[in-house]
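Visitor:
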Amino acid sequence: MRWTASILAACCLVAATATGPCPAAIYAYTATDKPSNGPDANYNTDVWTVSTNGDTPVTNGDSDLLGNSGTNGLNGTSGAGAGDLAWGIHLNDTSQVRARASITDLIGRPLSNPGESVAIDFDHGLVGDGIVAVTFHNNPDDGNEAGFVLFGQDAHYTLVDANLDGDMTPVGVTSDGFNLKLTLLGPGTYELDVDKHDMQPYNSGPHMLLNGVSSLATLDIEAFGLGDAMTPGTGPEYTVYFNNLVITTVPEASSIAMIPSALATIGLGAWASRRWRRRDFRRS
């Protein structure tokens with residue numbers, strides 16, 4: 268039985284040398300309740316914490332909801348969006364609402380290895396003169412390391428990272444939503460992929476994380492109100508939906524470097540096993 272297990276392990280390691288690291292771990296979460304409730308996702312997991320106007324916590328409040336992303340567009344209609352059940356944050360009487368997911372809490376550590384990624388379906392709907400942002404952090408107290416931000420009155424999302432002036436993207440306003448995926452490329456570098464429902468996919472190419480960091484520990488979805496949204500009851504109201512959070516991890520490079528020696532050890536064990544069985548056969 269141990270010999271068979273060694274052969275299976277060898278097959279896994281051979282596949283790893285041919286195609287990259289041995290199987291990546293994938294953590295996938297979908298909405299089951301409003302973000303401020305817990306658990307708010309499948310597997311009885313509490314993914315998000317919600318706050319308003321900075322760090323005022325929200326528990327089962329009016330600033331978030333479990334809703335239908337397909338009704339997030341003009342006149343209550345939209346495309347595929349983030350799904351007919353999706354997490355949502357709602358902005359009207361407050362100037363800021365934030366939903367925060369701790370990657371460290373969900374998978375046990377921050378993302379730091381090349382090839383690791385975090386992806387989410389995101390649907391900003393109509394934001395008027397507000398701001399919506401998806402931001403990534405190493406330490407939230409030190410600010411954003413990378414952000415995908417739609418500023419008030421701007422027609423397109425902007426990447427905000429080590430390029431402090433921002434990098435305008437061809438990803439424009441849509442009520443259909445899109446999938447957003449950030450992948451670490453190496454120390455301090457990443458790329459962003461946007462798969463939008465009504466346009467060709469967009470890839471940012473290599474970008475630098477802000478503050479010279481090489482790991483990401485939290486993900487924020489934020490909505491900021493401007494103009495009339497700062498006056499209670501006057502609107503406009505903003506609802507931002509998100510769903511299908513997927514975190515993918517890969518082994519550290521040091522574990523990949525051990526593959527040749529592991530293969531040698533497994534091969535030696537298989538050879539010794541065959542020799543031992545031949546000796547037993549001759550004696551019989």
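Take any residue in the sequence shown, count from 1 to its spot, add 267: that is its number in this note's numbering.
All C-beta atoms, glycine included, are put in the ideal place defined by N, C-alpha and C.
Less than 8 Å separating the beta-carbons of G433 and T425?
Guide: A contact, by the Cβ cut-off of 8 Å.
Visitor: Extract the residue ranges of the alpha helix (DSSP H) inside the stretch 390 to 416, only unbroken runs of 4 or more that lie entirely within it.
Guide: Segments of the alpha helix (DSSP H) lying fully in the stretch 390 to 416: there are none.
Visitor: How would you label D329, buried or exposed, when you count the other beta carbons within 10 angstroms and need 16 or more for buried?
Guide: Looking at its Cβ environment, which holds fewer than 16 other Cβ atoms inside 10 Å, D329 is exposed.
Visitor: Which residues in the same chain as H423 place their Cβ atom closer than 8 Å to its Cβ, once the five residues preceding and following it in sequence are excluded?
Guide: L417, M435, T436, P437, V438, G439 and V440.
Visitor: Look at the alpha carbon of P377 and the alpha carbon of T515, and state the distance between them as a whole number of angstroms.
Guide: So the alpha carbons of these two residues sit roughly 11 Å apart.
Visitor: Got a sec, what are the start and stop residues for the alpha helix (DSSP H) L373 sits in?
Guide: Unbroken alpha helix (DSSP H) run through L373: I370 to I374.
Visitor: So, is A353 buried or exposed, given that buried needs 16 or more other C-beta atoms within 10 angstroms?
Guide: Buried, because 16 or more other Cβ atoms sit within 10 Å of the Cβ of A353.
Visitor: Any idea if A413 is buried or exposed, counting beta-carbon neighbours within 10 angstroms, 16 or more meaning buried?
Guide: Classification for A413: buried.
Visitor: How long is the line joining the alpha carbons of Y469 and S369, rounded to whole angstroms?
Guide: In a straight line, the C-alpha of Y469 is about 26 Å away from that of S369.
Visitor: For N320, which residues of its own chain have a beta-carbon under 8 Å away from its beta-carbon, when the five flanking residues on both sides are left out?
Guide: Answer for N320: T361, S362 and Q363, listed in chain order.
Visitor: At which residues does the beta strand (DSSP E) containing A628 begin and terminate?
Guide: One cannot answer for residue 628 here, as it falls past the ends of the chain, which runs 268 to 551.
Visitor: Would A474 and E458 qualify as a contact pair, given that the criterion is a beta-carbon distance under 8 Å?
Guide: With the sequence shown as reference, residue 474 is identified as His, and Ala is not the correct amino acid for it. Yes, Cβ-Cβ distance for H474 and E458 is below 8 Å.
Visitor: Can you list, in chain order, the residues of its chain whose CB lies under 6 Å from that of V507, leaving out five sequence neighbours each side?
Guide: Excluding sequence neighbours, V507 sits near I356, H391, V399 and A490.
Visitor: Please classify L447 as buried or exposed, where buried requires at least 16 neighbouring CB atoms within 10 angstroms.
Guide: L447 comes out buried.
Visitor: For F445, write down the residues that DSSP places opposite it in a beta bridge.
Guide: Paired residue(s): F389 and K463.
Visitor: Could you pull the start and end residues of the beta strand (DSSP E) that N510 belongs to?
Guide: Taken as a continuous stretch (DSSP letters only), the beta strand (DSSP E) holding N510 covers Y505 to T516.
Visitor: Taking C-alpha atoms, which residue in N309, K463 and S482 lies nearest to L452?
Guide: Nearest of N309, K463 and S482 to L452, Cα basis: S482.
Visitor: Could you check which residue in G334, N339, D372 and N335 has the C-alpha nearest to that of T312?
Guide: When each option's Cα is compared against that of T312, the closest is D372.
Visitor: C289 to V401, Cα distance in whole Å?
Guide: Because C289 sits at a pLDDT of 48, beneath the cut-off of 50, its placement in the model cannot be relied upon, and the point is left open.
Visitor: Please report the straight-line C-alpha distance between W315 and Q467, rounded to a whole angstrom.
Guide: Approximately 30 Å, taken between the alpha carbons.
Visitor: For a test of the three-state rule: what should DSSP assign to S384, helix, strand or coil?
Guide: Looking at S384 - three-state DSSP - the assignment turns out to be strand.
Visitor: Closer than 6 Å by C-beta to V513: which residues in its own chain qualify, once you throw out the five before and the five after it? Chain order, please.
Guide: Result list for V513: A295 and A386, in chain order.
Visitor: Which of the three DSSP states is assigned to L588 in this structure?
Guide: The chain is shown only over 268 to 551; residue 588 falls outside these bounds and no answer can be derived.
Visitor: Excluding five sequence neighbours on each side, which residues of the same chain lie with their C-beta closer than 7 Å to the C-beta of G397?
Guide: Result list for G397: L358, G419, A490, F491, G492, L493, A496 and Y505, in chain order.
Visitor: Suppose you measure from the CA of A308 to the CA of G382; what does that come to, to the nearest Å?
Guide: C-alpha separation (whole angstroms): 25 Å.
Visitor: Would N262 and T297 qualify as a contact pair, given that the criterion is a beta-carbon distance under 8 Å?
Guide: No statement about residue 262 is possible, as the shown extent of the chain runs from 268 to 551 and does not include it.
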